[in-house]
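Here is the structure we will look at, set down as structure tokens.
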Amino acid sequence: MTHLAPPNVTDVAPDFTLSDASGTPRRLADLCAEQPLLLVFYRGHW
Amino acid sequence: MAEYRDRFAELTALGLGVVALSVDEAQRSRALGLQLHLPFPLLCDPAREVVRAYGLFNAKENGGIAYPATFVLDRDRTVRFRSLDRTAKRVDLEGLFTFLRSGISSPPPAVPVRSGIVPRARDWLRIARNMLRYGIRSPKP
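Protein sequences appear in the order of chains A and B.
Just so we're aligned, residue 23 is where the first sequence starts under our numbering, counting upward by one.
Just so we're aligned, residue 181 is where the second sequence starts under our numbering, counting upward by one.
In structure tokens, the structure reads:
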């Protein structure tokens with residue numbers, strides 16, 4: 023898939039599972055299920 | 181990231197969880213979290229798959245990193261707020277907090293749709309009917 027656009031307001035954000043810095047897998051759907059979530063993408067490579 | 185750390189208590193008080201994501205691998209993310217004393221999880225996307233899926237892949241810098249962006253997601257992953265910044269290094273938090281304090285669960289205010297200035301045919305019919313029923317003039321007070 024190419025040229026995907028960032029989800030806009032009222033879109034459903036794509037679900038995913040990634041490991042956190044401790045190696046624990048985290049799934050977005052589970053993170054959101056308890057409470058609304060602030061999802062911050064940052065540049066990294068600091 | 182430091183700004184999110186500094187305002188983490190406010191975000192928690194507003195009922196939000198916080199999660200940050202970058203293309204850094206686990207070791208680098210761990211180091212950053214420790215160095216900045218970050219109170220929220222850092223997710224690692226070294227394969228750049230999630231960053232691409234969100235349309236936030238910046239291929240031009242550092243071998244491919246994420247464009248900075250912030251989303252407020254509701255419990256069903258519906259996006260309630262989005263802030264993208266492709267030029268500056270940081271995301272502005274004031275816009276985020278303005279949105280949050282207005283209530284993240286409330287739907288955006290509906291903009292009334294104006295269908296036009298000229299009355300429709302049904303409006304003229306209603307006017308004519310009322311004129312016949314009640315007369316042209318309004319009742320005297």
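For each residue, glycine too, the CB sits at the ideal point set by N, CA and C.
Quick one: measure Cβ to Cβ for B/S202 and B/D225, integer angstroms, because I've assumed they're closer than 8 Å.
7 Å
Sufficient close CB pairs (3 or more, under 8 Å) joining the region 273 to 282 of chain B to the region 250 to 263 of chain B:
yes
With 8 Å set as the bound, which would you pick, yes or no: does the beta-carbon of B/N310 sit closer than that to a beta-carbon of chain A?
Not one chain A Cβ lies under 8 Å of B/N310.
Determine, using beta carbons only, whether B/D303 comes closer than 8 Å to chain A.
no
Go ahead and label B/Y314 buried or exposed: buried means 16 or more other beta carbons lie within 10 angstroms of its beta carbon, across all protein chains shown.
exposed
Element boundaries [beta strand (DSSP E), containing B/A227]:
Note, B/A227: premise wrong, no beta strand (DSSP E); not H, not E.
On the criterion of 16 or more Cβ atoms from any shown chain inside 10 Å, does B/D204 qualify as buried, or is it exposed?
buried
Does the beta carbon of A/R49 come closer than 8 Å to any beta carbon on chain B?
no
What does B/G242 pair with, by DSSP beta-bridge criteria?
Residue identity check: residue 242 of chain B is Asn in the sequence provided, not Gly. DSSP, once it has assigned bridges, lists no residue as partnering B/N242.
Nearest to B/P219 by alpha carbon, out of B/E183, B/A233, B/Q207 and B/G243?
B/E183
How many Å lie between A/F63 and B/P248 at the Cα?
5 Å
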